[in-house]
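**Q** Quick one: the structure is below, and I'll ask about it shortly.
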Amino acid sequence: MQEDRGVVTFIAPPWGTALHAVQGLDLRRTTPPITEVIDNFSRRFPTHKMLFAVQAYEQVSVHSFEPDSHAAGLDRSAQLPHQSKRPEP
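Its first residue numbered 933, the sequence shown is counted upward by one per residue in our numbering.
Here you go:
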């Protein structure tokens, strides 16, 4: 791959025990951890600009983003609030 090309990576780790019926998806419990997958891609393509999209569930545990969490370093700035109703036309 040419070094001036960007890489877009869609990450959908197995949720397994990370998905709880009440609390939603706990990103700390995915296997492998999301940050490990990101680190692996970053090492594989060190000279490329990278964009990562992480598949999540409609409800994500707020505890996933606590400072001691492996997912704490993820930038949540692009998250959109979940809409339970469709907007009026």
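We put the beta carbon where it would ideally sit given N, CA and C, even for glycine. Remember, it's a predicted structure, so these values are computed and weren't measured experimentally.
Go through its chain and collect everything with a Cβ distance to P946's Cβ below 8 Å, but skip five positions before and after it.
**A** Here the question's residue 946 lines up with position 14 in the sequence shown. For P946, where only same-chain residues beyond five positions count, the Cβ hits under 8 Å are T962, T963.
**Q** If we ignore side chains and look at the alpha-carbon of each, how far apart do V992 and Q955 end up?
**A** On the sequence shown, residue 992 is found 60 positions in, with the first residue counted as 1. On the sequence shown, residue 955 is found 23 positions in, with the first residue counted as 1. Roughly 7 Å separates the two Cα atoms.
**Q** Apply the 10 Å Cβ neighbour rule to R976 and answer buried if 16 or more other Cβ atoms are within range, or exposed otherwise.
**A** Within the sequence shown, numbered from 1, the residue matching residue 976 stands at position 44. Exposed, by the Cβ-count rule.
**Q** Would you tell me roughly how many angstroms separate the C-alpha atoms of E990 and A953, rounded to the nearest one?
**A** What you label residue 990 is simply residue 58 of the sequence shown in a count that begins at 1. What you label residue 953 is simply residue 21 of the sequence shown in a count that begins at 1. So the alpha carbons of these two residues sit roughly 11 Å apart.
**Q** Between G948 and the rest of its own chain, which residues show a CB-CB distance below 7 Å, the 5 nearest in sequence each way excluded?
**A** As a working mapping, residue 948 is identified with position 16 in the sequence shown. Counting only Cβ-Cβ distances below 7 Å, and skipping sequence neighbours, we find T963.
**Q** If you count every other CB in all the chains shown that lies within 10 Å of the CB of D971, and 16 or more means buried, which is it?
**A** Taking the first residue of the sequence shown as 1, we reach residue 971 at position 39. The residue is exposed, with fewer than 16 neighbouring Cβ atoms inside 10 Å.
**Q** For K981 and L959, I'd like the C-alpha separation in whole angstroms.
**A** By 1-based counting over the sequence shown, the position of residue 981 is 49. By 1-based counting over the sequence shown, the position of residue 959 is 27. Going from the Cα of K981 to the Cα of L959 covers about 24 Å.
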